[in-house]
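The structure appears below as structure tokens.
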């Protein structure tokens, strides 16, 4: 409540009340009752008491009032006699009254609150009683009855007096509480931790504005008592003045939440945000007299929240607008917090179907796939995890499983304590890309096949009817350009290179015998084009079909032009032959010379010459072995080594090799105990080469005078040979690479040993051509056992 | 009467050594660097022919093989043993394809040469 309200309330009171200020006792306010006592009207308000009620001059009251003002002490009196002007005549009255000193919190006088009750009637009654008692005394006991009556009346009066006293007390209390309330109100406003202002009247005069609201307004105390629109001109065009006016008019409070206001403050026109209340203060008649404004500035909070919202918004926006699938999985439960459209597309789900659910609940098929473990690992380690082109099976909404190819990464999101609280999963669906690539590879493969297919010719022969059917490609391979009928005898047989005719016909005859070949046909031959006379190499594969009597009825197959391959092979062979010739020719004459000279030295008994020639011959042989090795490698790699398979006794071959070794070197004892003959089908010369090589290696890598033991065996359809030395052995690292081309064990022992590292490679290749296997069992410095096995059939 | 040996080998050093060795062994040797010598087969009637497979005049490794095949398929000369000499490691196959009686791989042992010639002229 404000002072006006107080005054309003006071004016309504039937107790006579007036308020004075200053030493001159200016009448600030007097209610009707007081004016009635004085016999004056409201025009006296604002005037000094002395002037307004001049009949008091000469009476004690003005001095008492002045004294109250100056001393600050409240003055109370009862049954005080005052002469006042009533209806133009001076009359005597009796009053109970109080001059109450009302002070500012600072202790300064604010005003004097004057309350008065007319007790004239009571006083006159009392005087009358006194007179009657006097008369009583005078009249004696006769008046006893009257006296009783009077006594009763007196009691009544006393009780009235008590009532009056009570009434006065309550008024006094009211006055006190009013004054306290006023003071408390001001105090509260000034010290409130929120911004408060009181705007009076429709003009919105700033009656009170505490430091906080002045700070918000960016104004000083000079705005007090100014209308709001003058004090804060920037409010023009903003909604506040209108709202205040509405509150004033309707009496309904207005609550504003986070409302933006533009205010001119230290930094100029600023936008600020407020929570505020416009609360109407009403007089006792229910009319709004002023509006209290309570406001809290929330600009910082709004901005802080906006920043948080903005950053959240940004993350969400990033997730939502990312061109690749993104989702945030919260907690180890992996609850889907957000998922963008691309992610939803991959999942084949809607937002509602996934948001807030555990991912393994939505996609139970992921259990057993590697993803859940990977996600948990990100929680455990806090480390991001990514993989490219991984395959994932994802269940569609309709229950079908679709396989995706995905690039994905799991990035941990940390809480304030640095713990992983969620995972940002980024998933790029590269299925299309992978499919396209596969498609492309498929297309390439297909076109390659197509090219190859275009070179593939087909033939189909009805043996019973003697009808031969060739496609275009097949006709080209035989140099036939017409589309007319072709025959076996005329077109096929005559189209073959004369040198190949017999051989091809033998193979075909074999194919026509079910017992001999089961109808399989596989051969390479040359053709001479019937029309273009061109030589072509052809690879033919086919199958003969038989009737119930095992008679051939149909012969189907394909032919492929391998001329280029053959020519290539031929060029390689020519080159190898040329190199062989060029390298070996000088060795041949050298060797022949040495051997002729050896014979002569023997005859002449020239020991030095004989010894020198022996050593020369050894060197020539060594050189020859090296050249042979190189040429063998070249031939292997040109694919031109063919096995010349024959049946022979492996043990006989081993014996020969041992004997040959004994002739060429006497440094080691080579021990071989032949068991039962072991008949094998193999290339005798090449197996011999393998044996020689392994024996030679054993002598190279073991000490002079040590034994080299050879064993042979056969079991389970394989024949095997083992060659064991007592040499330096082979380390585990070397064993793996031992059979690689040009690989040499590198150690102090081996530096002095001659060789290029092709011997074991050749052995391995020869055994491989025989569909066998070769290996070594050894430990460093414990000797080595080389073994090879080849199939018996 | 000494057996007559034809030696056709285009490398002079090798040819001379072969001739020397065989003459030492008591053979009568006629040698040439080219196949022209074969034109005198009918008149000279050699007991054995040693034929280098790679003759520069032919520029092909099939040359000695080709000559051998002609000799062995000609009834007038098919009875004369032919030995093909070559540096290539598949000399055995070449000799067989040329229908030759045997082969000698370069570099050969002198004793091997002598043994072979003795064997086919015995």
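Residue numbers (this note's numbering), protein chains in the order written: chain A, 2 to 794; chain B, 10 to 131.
Where is the CB? At the ideal position from N, CA and C, for every residue including glycine.
Model, not experiment: these values are computed from the prediction.
Next on the checklist: Using the three-state DSSP reduction, which class does residue 544/A fall into: helix, strand or coil?
Outcome noted: strand
Item to check | Identified DSSP bridge partners for residue 20/A | outcome: 30/A, 114/A
Item to check | Range of the contiguous alpha helix (DSSP H) that encloses residue 247/A | outcome: 241-251
Next on the checklist: Please tell me whether residue 539/A and residue 478/A are closer than 7 Å, where the distance is taken between their beta carbons.
Outcome noted: yes
Next on the checklist: Looking at the strands, I want to know which residues DSSP matches up with residue 704/A.
Outcome noted: None, per the DSSP bridge assignment.
Checklist entry - Assuming residue 91/B and residue 60/B make a contact with CB atoms under 8 Å, what is their CB distance in whole Å? => result 6 Å
Item to check | Residues of its chain near residue 533/A, where Cβ-Cβ distance is below 6 Å and the 5 sequence neighbours each way are ignored | outcome: The residues are 480.
Item to check | Beta-carbon neighbours of residue 566/A, restricted to chain B and to distances below 9 Å | outcome: None at all; the shortest Cβ gap to chain B is about 19 Å.
Checklist entry - CA-CA distance, residue 706/A and residue 668/A? => result 6 Å
Next on the checklist: Assuming residue 527/A is part of the beta strand (DSSP E), what are its boundary residues?
Outcome noted: 521-529
Checklist entry - In its own chain, which residues sit with a C-beta less than 6 Å from the C-beta of residue 880/A, not counting the 5 before and 5 after it? => result Limits of chain A in this structure are 2 at one end and 794 at the other, which puts residue 880/A out of reach.
Checklist entry - For a contact meaning CB atoms closer than 8 Å, what does residue 586/A contact in chain B? => result 20, 23, 96, 115
Item to check | Neighbour-count burial assignment, residue 116/A, 16 or more Cβ in a 10 Å radius | outcome: buried
Next on the checklist: By the three-class DSSP mapping on this structure, what secondary structure does residue 69/A have?
Outcome noted: helix
Next on the checklist: Per the DSSP calculation, residue 269/A is bridged to which residue(s)?
Outcome noted: 266/A
Item to check | Supposed contact pair residue 276/A and residue 297/A - C-beta distance, whole angstroms, cut 8 Å | outcome: 5 Å
Checklist entry - Alpha carbon to alpha carbon, how far is residue 69/B from residue 19/B? => result Only weak support is given to the placement of residue 69/B: the predicted model assigns it a pLDDT of 45, under 50, and the value that follows is read from those uncertain coordinates. Residue 69/B and residue 19/B: Cα-Cα distance of roughly 13 Å.
Checklist entry - So, helix, strand or coil for residue 1/A, using DSSP? => result The requested residue 1/A does not occur in the structure, where chain A is confined to residues 2 to 794.
Next on the checklist: If the cut-off is 7 Å on Cβ atoms, which residues from the stretch 683-711 of chain A count as contacting chain B, listed in chain order?
Outcome noted: none
Item to check | Cut-off 6 Å between Cβ atoms - residues of its own chain near residue 31/B, not counting five sequence neighbours on either side | outcome: Excluding positions up to five away in sequence, the list reads 14, 38.
Checklist entry - For residue 397/A, does the three-state DSSP call read helix, strand or coil? => result coil
Next on the checklist: Going by DSSP in three states, residue 60/A sits in which element: helix, strand or coil?
Outcome noted: Note: residue 60/A maps to strand in three-state DSSP.
Item to check | chain B contacts from the stretch 614-630 of chain A (Cβ-Cβ distance under 8 Å) | outcome: 621, 625, 629
Checklist entry - What in chain A is Cβ-close to residue 118/B, meaning under 7 Å? => result The contacting residues are 596.
Next on the checklist: Any C-beta of chain A within less than 7 Å: which residues of the stretch 44-58 of chain B qualify?
Outcome noted: none
Next on the checklist: So if DSSP puts residue 538/A in a beta bridge, which residue, or which two residues, is it bridged to?
Outcome noted: Per DSSP, 527/A.
Checklist entry - Among 126/B, 96/B, 98/B, 99/B, which residue has its Cα nearest to the Cα of residue 110/B? => result 126/B
Checklist entry - Which one of 114/B, 82/B, 131/B has the shortest CA to CA distance from residue 622/A? => result 114/B
Checklist entry - If the cut is a Cβ gap below 8 Å, which residues of chain A does residue 29/B touch? => result 597
Item to check | Close beta carbons around residue 106/B, own chain, < 7 Å, minus the five adjacent residues each side | outcome: Excluding sequence neighbours, residue 106/B sits near 74.
Item to check | C-alpha distance - residue 710/A paired with residue 789/A, whole-angstrom precision | outcome: Approximately 14 Å between the Cα atoms of the pair.
Item to check | Chain-ordered neighbours of residue 26/B on chain C, where CB pairs are closer than 7 Å | outcome: Structure shown: chain C not included; protein chains present are A and B.
Checklist entry - Which class does residue 377/A belong to by DSSP, given the choice of helix, strand or coil? => result Three-state result, residue 377/A: helix.
Next on the checklist: Check for me: the beta strand (DSSP E) holding residue 40/B runs from which residue to which?
Outcome noted: 37-41
Item to check | Neighbour list for residue 632/A in chain B, Cβ cutoff strictly below 7 Å | outcome: 98
Checklist entry - With distances taken from CA atoms, which of 655/A, 524/A, 699/A, 530/A is nearest residue 482/A? => result 530/A
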